[in-house]
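Undergrad:
Numbering (this note's numbering), first residue to last: 83 to 208.
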């Protein structure tokens with residue numbers, strides 16, 4: 083996953099200046115049908131019972147991974163083809179923290195459930 087421009091700036095300010103940086107206190111996974119890019123300009127899924135899902139992370143070395151499975155509600159209408167995933171600091175609105183393309187895009191139709199197993203969502207800093 084890549085950090086958004088906003089959180090790259092937060093990280094640099096935290097590490098190299100005395101500027102105060104507000105740390106997120108909650109994290110939410112979002113689904114996109116187009117690349118959110120560094121400025122969160124992609125198309126987030128909406129409708130069909132979609133809602134961002136809370137996620138917690140564990141950190142080992144230079145990688146943060148979801149500590150439990152993340153499951154989205156059963157779709158009551160098609161979400162379209164999900165191509166990207168993002169992590170936000172709020173259940174709606176908020177700031178995009180990190181994002182990535184899915185290894186394989188996934189069409190989510192009525193009745194489908196998208197599930198991310200524990201340790202499947204990795205954020206690595208090289």
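In this text, a Cβ means the ideal position worked out from N, Cα and C, and glycines have one as well.
Keep in mind that this is a model prediction, so the values were computed, not measured.
Measuring CA to CA, which of 202, 197, 94 and 120 is closest to residue 103?
TA: The shortest Cα separation from residue 103 among 202, 197, 94 and 120 belongs to 94.
Undergrad: Expressed to the nearest angstrom, what Euclidean distance is found between the alpha-carbon atoms of residue 173 and residue 108?
TA: 9 angstroms
Undergrad: Does the pairing of the stretch 174–186 with the stretch 135–144 give three or more beta-carbon distances under 8 angstroms?
TA: no
Undergrad: Buried or exposed, going by whether 16 or more other CB atoms sit within 10 Å of the CB of residue 155?
TA: Residue 155 should be labelled exposed.
Undergrad: With burial defined as no fewer than 16 other Cβ atoms inside 10 Å of the residue's Cβ, what is the status of residue 134: buried or exposed?
TA: buried
Undergrad: Which full runs of the beta strand (DSSP E) of 3+ residues lie inside the stretch 87–126, going along the chain?
TA: 109–114
Undergrad: Please state the DSSP three-state secondary structure of residue 168.
TA: strand
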